[in-house]
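Each residue of the sequence shown is one higher than the last, beginning at 42 in my numbering. Even for Gly, the Cβ is constructed at its ideal location relative to N, Cα and C. For clarity, every value in this text was computed on a predicted model and none was experimentally measured.
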Amino acid sequence: MTQFDVCGPLPIGTTVLEASAGTGKTFTIAALTARFVAEGVAELSEVMLVTFGNAASRELRDRVRERLVSAELGLRDPATARATDADPVLQLLADVPDAEAAVRRARLARALAGFDAATIATTHSFCSQMLAGLGMAADADPTATFTEDVDDLVREVVDDLYLRTFASGRSGPPFLSHDELLELGRRAVGSDRQARLEPQSDEGAPGRRRKAAQAVRAEVERRKRRLGLVDYDDWLSLLRDALADPVHGAVACGRVSSRYRVVLVDEFQDTDPVQWEVLRRAFHGRTTLVLIGDPKQAIYAFRGGDVTTYLVAAAVAGARATLARNWRSDQQLLGALDDVFGGAALGDPRIVVRPVETAHPVPRLTGAGAPLRLRRLRRTGHGPLWKGLPRIDRLRDAVAADVAADVVGLLSGPGQLTGRAVQPGDIAVLVRTNKQGQLIREALGAAGVPAVLAGGGSVFTTASARSWLVLLEALEQPHRAGRVRAAALSIFLPNDEASLDAAGDEVADRLGPRLRRWADLLADRGVAAFLEVLTADERLPERVLERPDGERVLTDLRHIGQVVHAAAMRESLGLTALVEWLRRRIAQAAVEGTDERSRRLESDAAAVQVMTVHVSKGLEFPVVYVPYAWDRWVPGQLEVLRLHDDDGNRVLDVGGSTAAGYAGARARHDAEESGEDLRLLYVALTRAKCQVVTHWAPSGNTAAAPLHRLLFGGAAAGAQPAASVPPPPDDDVAARLDQLARRSAGRISVEEVTATPVQRWTSPGVAVDELSVSSFTRTLDEDWRRTSYSALTRSAHDQPLGSEPDAPGTDDEHDAEAAALEPVAEGHPSPLSDLPGGAAFGTLVHAVLEDPDPAVLDERCAEAVERWLVPGVSAQALADGLRPVLHTPLGDLGTTLAQVGAADRLAELEFELPLAGGDTALPHATLTDVVALLRRHDLGPVSGYAGLMAGLEPQALRGFLTGSIDAVLRLPGPVYAVVDYKTNRLGAEPLTTWHYRAEAMAEEMQRTHYVLQALLYSVALHRYLRWRQPDYDPARHLGPVLYLFVRGMTGPDSPPDAGVFRWTPPPALVTELSDLLAGPS
């Protein structure tokens, strides 16, 4: 296979890139994306990146963006980029004439500007998007509800089918139990939904089992359709069916492929047949399709991943290549791993470990032993033997203890990692099962080494969940001494075995009343209140945080408490139902997945990471322990088998162990499982940067274990080790492993495990400052505030001053006192006389007039009345009252609100202007300074306002000024006018246009300080236009302020200026006020 050079010719057609562990797969994808875009092959919108998981897609998005940013920045100086050897991709992009380099940089800049719209998605998300785009060409319900998990539906279907079939007794005794049918249904509907069910024969129990599984599968699909539900796999199958449709398929394929010129698929080894069929039909032979993956890391068969599909795709690809440089592991460690694998096939002759170069020829870890340390246990020293082998549980305990002792030795020893001591966070322990992980974590915790079960496993698998269950069981039945004593030993209460034994029966007498009180509290006030009382009563944080893993345990306890509380509230669960709910969640935690993941803490990063191999995929650590690669249990009987037929088709054999073809199906299943075991070992060992520590032990589970098969199976290069190899005698084991160590030239060491007490690790002392109470020494800036026109003038209206802007709504429209008005003369009646006043009505009117289009007035009035619910206002009356407002002439401007088009009207222009530098401390003005400024200018119809404003409290103008201009109109010129709507009554009813003559409105403008509001709005518009209007000139572009007193606007025949107060502030006044508010520059 040829080696792929990311700086070589760009891939065309369909290309498969095999990316061994640590060879920079994500780097390659990001680099290829940058090259495709910069070299003009495709716009970023024409490139699709597909991966298998939300977390992976987020990481890929970040890495691609970083690559585009760095390339764009580098191409700003092509000469320097050409001379930079540290970034070969940038060097390649810059190795063109300067003019072409500028074009490439512009392409990258354009891609970054639209990066948020880039298609970087999971396979399922891509399918969902394509289905939406295909519309009627796809048999997809656009109103369907997405569900992540259908297990509840499967359980419901199984319950119904089981009762329907067996409850009456007419079908004879059940040929399988309810639990067996549930397992069949879950397997048939889960990740193997697309697999063919076997056996095909309908005879006997095997045939009935297959028909039962088929019935569950069909019924689940029928109910999903009826309920309008879709899940991840539905998106895949629906798109596959649309692309394969004999009538519309060709059109659908063309529409999907036409959107993208380049498609890169990450983690392709984890694909399944349906995903590959979608990619093949849509893109193979139509566009550039790059499939990047590593068949040696295909370890997700249980989730539907199918390495056979990868091999099929590789066979039809136009080109195949491999990434040849490892950027993760030291050279000596890579050599040691080659010695262990020996070129063996990992489940298929086409899947082998290929030699790679290294980017780290010099070891980064020194003084800690060989790069690969193999620790060997003997048969003796672990209790009685059975069939010549120790008990498996004794060996597991011994290995866990040895891992703890070895980690303590590594942390306390002379080892140096790039010039510093090894820390717990540098170490990972990789296991196959969560049970093994718990064993390791407890051993490390007992040795004082901080360790965390990483990877976000379900919180219901933790000891904290079991403690909650024990406590709730005791609350449910506090009269049962066994439950009370069990609760006494839980993490919630301060007891241990010795104190419990010494107390005898007194424990139940002492603890029982407390449990009853807590049970009453839980019933009356809920789980959350009970947990808070329990935490305080038992000093839970103080006790738990004394443990090495205290922060982790306390977090899990509170997390479970929150989930239990939510379940109790959501489903109205009593205590007995709550116990059953939690018991079921704990039992099904492994089946249901990780919908409630353990919350990650910052302190987790500084602890030894204990995780399963599946969780570790994609991660790397300086030192990796793989303690249980010798432990692989193979069950004697399996009732459901996953395998492939001779044509590579996925098969789910549900016939059970009595089926006629069981032996052959079991052999295929075991062969595929043993191949995946080898690939799991490859993933585990290749997580290490500097050192791997692994164990070997002789047990009944050792024969089928992957490490044992590699070491003692004797497989030639390109061949797969035997599926089972009996453990040799101890002396033969020692001789064989010593021979391997000698052959490795120091890369591998073999160490015999001896029973020695585990020393407790003490973290090196870190100087900690003595704690003291902090003193507040800063001076508060009491002049700083976020203010508004309403806040500045509040003292004039007997309202308290606030430092925050007003809540949304209108509160500055107050009716004038009728006693102060002149006798009423003739005039047109107000169209709003029958409608109320006040702030609520003003807010309602403002909401309608945001769009003064007469065509939508009735609709907007109906919506506003329904939303604001102002008493005494109907939608029809409001529309009738505001319609004349829209057609009233705006003074001598020659237009009305209705005649100003949407393109020339900006509604609700919100602003937040810095006063005296905003957050930057600058000398600031006060309202007194504004008064002095007004006195220097001619204010025209409001010339007396400066004296009135002098009576306001002289507030400091420091911080931010916020507000919202009702509307800005662009008039011919262009000239920009500020519009503000007012609903004030300027007299007693019945109101006429005489009440809204120019003199009355000018008086109201001054009395209510609307003059200040108008000036502040003009400043906001001035600052806005400075950025938006070409060749802006305040004298030319700043127009009038129009205060529209809508109660006086009676339509086209309204008396001149009635209801329309027009005033043009001097442009010099606006600019000087803006400068005054801004502070010194």
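Buried or exposed (CB count within 10 angstroms, at least 16 for buried), residue i
i     : result
P1106 : buried
T699  : exposed
Q840  : Any reading at Q840 needs caution, since the residue's pLDDT is 44, under 50, leaving its predicted position unreliable; the model's value is listed next. When all chains shown are included, Q840 counts as exposed.
D347  : buried
E514  : buried
G63   : buried
Q373  : buried
L268  : exposed
M1042 : buried
S1095 : buried
N690  : exposed
Selected residue, minimal CA-CA separation from residue i, among the options
i     : options                  : result
A527  : W671, L556, R234         : L556
D443  : D192, L279, R416         : R416
D190  : A140, V261, G63          : V261
T653  : R432, L217, R728, L223   : R728
A837  : R626, D899, L1053        : L1053
G935  : G868, G922, P1097, A1061 : P1097
A1018 : G932, M1042, R99         : G932
G878  : L1032, K730, A775        : L1032
S499  : F1086, A628, E80, L595   : A628
P1121 : E953, R707, A957         : A957
G429  : A377, Y1037, N742, A880  : N742
A179  : L90, E244, V889, H289    : H289
C902  : D139, A920, D272, R461   : A920
A745  : A760, Y669, E680         : Y669
H165  : T74, V271, F156          : V271
Cα-Cα separation, residue i to residue j
i     : j     : result
A142  : L101  : 26 Å
P849  : A570  : Confidence at P849 is low in this model, with a pLDDT of 48, below 50, so the placement of that residue should be treated as unreliable; the coordinate-derived value is given next. Answer to the nearest angstrom: the Cα atoms are 36 Å apart.
G942  : A1076 : 24 Å
A60   : I333  : 7 Å
A861  : Y986  : Bear in mind that a pLDDT of 45 at A861, under 50, signals an unreliable position, so the model cannot answer this.
E239  : L305  : 35 Å
S531  : L598  : 11 Å
P846  : A630  : Because the pLDDT of P846 is 35, which lies under 50, any placement of that residue in the model is unreliable, and the number read from its coordinates should be weighed accordingly. P846 and A630: Cα-Cα distance of roughly 50 Å.
E308  : R580  : 48 Å
L947  : R227  : 58 Å
P739  : T617  : 46 Å
T69   : A365  : 12 Å
G454  : A757  : 39 Å
Q1152 : I340  : Outside the shown range of the chain, which is 42 to 1122, sits residue 1152, and nothing can be said about it.
V368  : A776  : Checking the sequence, you will find Trp at residue 368 rather than Val. Cα-Cα distance, rounded: 34 Å.
L58   : C731  : 26 Å
A159  : E587  : 49 Å
First through last residue of the beta strand (DSSP E) which encompasses residue i
i     : result
S1005 : 1000-1012
L947  : 946-956
E239  : 237-239
F1086 : 1079-1086
Host alpha helix (DSSP H) of residue i (start-end)
i     : result
I333  : Element bounds for I333: not the alpha helix (DSSP H) but the beta strand (DSSP E), 329-334.
V393  : Run containing V393: none; DSSP gives neither H nor E here.
T1112 : 1108-1119
G655  : In the sequence as displayed, the identity of residue 655 is His instead of Gly. Taken as a continuous stretch (DSSP letters only), the alpha helix (DSSP H) holding H655 covers 654-657.
C731  : No alpha helix (DSSP H) contains C731, which is instead part of the beta strand (DSSP E) from 729-737.
V1016 : That residue, V1016, is in no alpha helix (DSSP H); its beta strand (DSSP E) goes 1016-1023.
Y723  : 703-726
A487  : 475-487
A147  : 139-154
Unbroken stretches of the beta strand (DSSP E), 3 residues or longer, contained in the stretch 769-806: As far as the stretch 769-806 is concerned, its whole beta strand (DSSP E) runs of at least 3 residues are 789-793.
Taking the runs of the alpha helix (DSSP H) that are 4 residues or longer, which of them lie wholly in the stretch 342-421? For the stretch 342-421, whole alpha helix (DSSP H) runs of length 4 or above, ordered along the chain, are 348-357, 372-382.
In chain order, what are the residue ranges of uninterrupted alpha helix (DSSP H) at least 4 long that sit wholly in the stretch 191-222? Every alpha helix (DSSP H) stretch that sits fully inside the stretch 191-222 and reaches 4 residues is listed by chain position as 192-207.
Runs of 4 residues minimum, wholly inside the stretch 64-125: which ones carry the alpha helix (DSSP H) assignment? The qualifying runs are 66-79, 95-115, 119-123.
Runs of alpha helix (DSSP H) lying entirely within the stretch 513-538, each at least 4 residues, in chain order: List check, alpha helix (DSSP H) in window: 522-529.
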